[in-house]
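For reference, the structure discussed in these notes is given below.
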RNA sequence: GGGGAAGUGUCGGAAUGGGCAGACGAGCGUGACUUAGGAUCACGUGGGGCGACCCGUGCGGGUUCAAAUCCCGCCUUCCCCA
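Residue numbers (our numbering): 646 to 1473.
Dropping the structure here:
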């Protein structure tokens, strides 16, 4: 076999690697600085299988893992399945197959495809979050949170997805719709379990600074946590029956308080019906009912809507009475469901005031303000006007002074608000870890004792979500009936299951000791491998998964379970793979629903997995979005083909004389080692591949001109090593054909020699007045004086100076780069 | 509306502690070879000009000997949150 046939060699080596356990994680018993834990986001195995887009995640981490193995590091590169939760269950529903069966089957397919791509996972450490020996520990962590007061049960207005038939956490609502099925959602009053993530809000925000993460993901987390500093104060209001009442408002803008012209309550606010005057009651009731019925999406689209209650509230700083409205743009969950409204200086208040004919007096003068009414809300800083004794102050200063003054008067106090809410974890679904809680009529809520874990998820046939909003487990008497661990009397088992994100909040710890039975992980092995050195995955989990896992890690750290407070010190996020719609030619995300999926199977069958890997790495920077264009991959295939033929030619040549040209080639090879090494470490895989291509071009030219010399033989050997992390199959095959011992993936990464890598001759650019006029090839070690002389006397410069009668007034010399002659003269 | 990222040939993209714009690849063109291949090899490929040269990194200014890169003001696209 002499032509490059990827299908044959890829299958052959994949089998060989598995048989020889090439990627088995080294077993270490004590902490070792040379370990490298390289982790991918925990995928849920979908029935659609992998697309080439997934390769943008798994190929780079594979390159990194292979690279660090060659660098002598002990590498942990595991894979497992996020098999519990909504995505996996919805998938099973869609196919009409029990989720236990689908997750097993789909995980096997993912594993097959990952092997097809040549990924070097240690499958002996494979985990599955729906396995009892995994979810046992998810439940154990629930109890840990419960014991620490971080898991609690409460009634609240919850997002309900009628399609998924379950409640959802705030962050699982995207653009007013369910994150999984994209259907409309609405709020419902339900008693549910929560994790108190807000207890860690401050640390979750402040320790973002310590993370080596992409800026846009840090920004999303900051936004989501949404810390704001402001004041809370009460506004007195008269109730319909004449008694006194008040409601608390929160504002971040005390400087605008003299501009308040109305107050607004959320439709759900408890005071609404009590303060509404009799003549307005019918209208207000109708409006509140209407608002409650509408989904958030509809409410957002409806604009600034609301009705007057007939009541008036008092602005505590100046005693002014302002009308109180009910408005659906006021959120119950934020700032207590009541606001002071300042139309002149808030966009939403402005819109509302315009619809209802409410005045908008200016209290912060914009720069260059002419004293006339504004055309739109002004939210920037300015000078205080119409604000009593604060007039004339800059608003930025007045903000703090007014807050302090109000506090001193006893009418306000400073508060910090977060946008983030506690994490709702109850799911009225079958396919998840049962919440390990019992309800006893005598003893109340009782946690399941640790020794009784796991609370097994029973294998039932009627697992489809019910229409009644209860988990299917509620219909399984043997599951529900239990004994109270405290009094021994009858108890009822909690039938909701945990949000799937609970599993992914700790799974990265399980990989360090996947079979450990005495705890979620072996502390000694955690000490060996630590938190992942590198974590790679898509930006779609920038808020949910990463925030939850950070929260759990901090809880574990406080419980003394882990010696670190952040689970993922280094995070990288790959760009999204787009594809053209086969019909319309429009570009959108590659997805089964868009009908534009290209599978690694089909590409590997036509071009080989190695070519696919090279192409995915080469086509764009790692973190950029890309469009899949099939034609581009021929470049990757040609590249591998060209090296294949060159290596075979080298292998077939018996006598390989040295050549004077070898020194040049050696220089190229050593510069390539340096370049590829730096690029891989910097996640610049596209330029790393370009560097390999340039090196191969040099080698091919050398071969054509000088034949197979000793220098070329050495170059080919080094090139196979450099190629190994990128195209592992063809590198292994050629390594063998060059007569080297199995396996190329166990060889040390080549080292470059500075002196060999140094260029002997460089190109010195000669400019006149900053314009390129000539180029000189000079020794790299040239001195400044010599460089100046050569520049002044070169052809391109002479033309400029003599023809136009200029003279040189200044010479700028940048060693190794250029000489710029600055001139004065008649033409200038 | 707020926050983030980005605008470079026909296309994907190189080059930012300011210093040869367009590496590498795709596509296209010309030629070679032919056991016609999704093969290989050579040369060319930003625009204009016969040329010396001129113009050119979204647009308009600025700083500098020198700007894709730094500063100011705009425009456009994508992502996240409203």
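For each residue, glycine too, the CB sits at the ideal point set by N, CA and C.
Distances from the alpha-carbon of residue 701 to those of 1239, 1267, 1282 and 1100 put 1267 closest. Rounded to whole angstroms, the gap between the alpha carbons of residue 708 and residue 652 is 20 Å. Look at residue 668 here: in three-state DSSP terms it is coil, with no helix or strand label. Under the DSSP definition of a beta bridge, residue 1085 partners with 1089 and 1136. For the 8 Å CB-CB criterion, residue 977 and residue 1058 do not form a contact. Ranked by how close their Cα comes to the Cα of residue 851, the residues 1302, 1245 and 1195 have 1195 in first place. Of the residues 769, 1325 and 695, the one whose Cα lies closest to the Cα of residue 665 is 769. Per the C-alpha coordinates, the member of 807, 860, 823 and 794 positioned closest to residue 838 is 794. Contact annotation, residue 1257 with residue 1264: C-beta distance approximately 11 Å; criterion of less than 8 Å not satisfied. Take the alpha-carbon of residue 1051 and the one of residue 1087: they are about 49 Å apart. For residue 758, the enclosing alpha helix (DSSP H) stretches over residues 744-761. By alpha-carbon distance to residue 1389, the top candidate from 650, 715 and 683 is 715. The three-state reading of DSSP puts residue 1228 in coil, since its state is none of H, G, I, E or B. About 5 Å separates the Cβ atoms of residue 816 and residue 1188, confirming a contact at the 8 Å cut-off.
One Cα belongs to residue 909, the other to residue 959, and the distance between them is close to 13 Å. Annotated as distal: residue 1033 and residue 1011, with beta-carbon spacing of 8 Å or more.
A straight line joining the alpha-carbon of residue 726 with that of residue 1091 spans about 31 Å.
Nearest neighbour of residue 1157 by Cα position, chosen from 1296, 650 and 674, turns out to be 674.
Per DSSP, residue 1054 has no beta bridge partner at all. A distance below 8 Å separates the beta carbons of residue 703 and residue 685.
Going by DSSP, residue 839 is part of the beta strand (DSSP E) stretching over 831-840.
Judged by beta-carbon spacing, residue 1405 lies beyond the 8 Å limit of residue 1436, meaning their Cβ atoms are not closer than that value. In this chain, residue 1394 is not harboured by any alpha helix (DSSP H), its DSSP state being neither H nor E. By the Cβ test, the stretch 805-812 is not in contact with the stretch 771-789, since fewer than three Cβ pairs between them sit closer than 8 Å. Counting only residues of its own chain and dropping the five nearest sequence neighbours on each side, residue 917 has a CB closer than 6 Å to the CB of 910 and 971. Scanning its chain for C-beta atoms nearer than 7 Å, with the 5 sequence neighbours on each side dropped, one finds around residue 729 the residues 774, 775, 780, 1076, 1077, 1078, 1145 and 1148, in chain order. Under the DSSP assignment, residue 1126 falls in the beta strand (DSSP E) whose first and last residues are 1126-1128. Your pair residue 803 and residue 1069 checks out as a contact, with CB atoms roughly 6 Å apart and the cut at 8 Å. Boundaries of the beta strand (DSSP E) harbouring residue 680: 680-685, taken from the DSSP string.
With a threshold of 16 other beta carbon atoms within 10 Å, residue 735 meets it and is buried. Rounded to whole angstroms, the gap between the alpha carbons of residue 1130 and residue 1093 is 7 Å. If the five residues before and after residue 1239 are omitted, its C-beta is found closer than 8 Å to the C-beta atoms of 1224, 1226 and 1233, all from its own chain and listed in chain order.
Distance from the CA atom of residue 720 to the CA atom of residue 699, rounded to whole angstroms, is 22 Å.
Along the length of the stretch 959-1047, whole beta strand (DSSP E) runs at least 3 residues long occupy 966-972 and 983-986, reported in chain order.
With a threshold of 16 other beta carbon atoms within 10 Å, residue 1443 falls short and is exposed. In the three-state reduction of the DSSP assignment, residue 1065 falls in the coil class.
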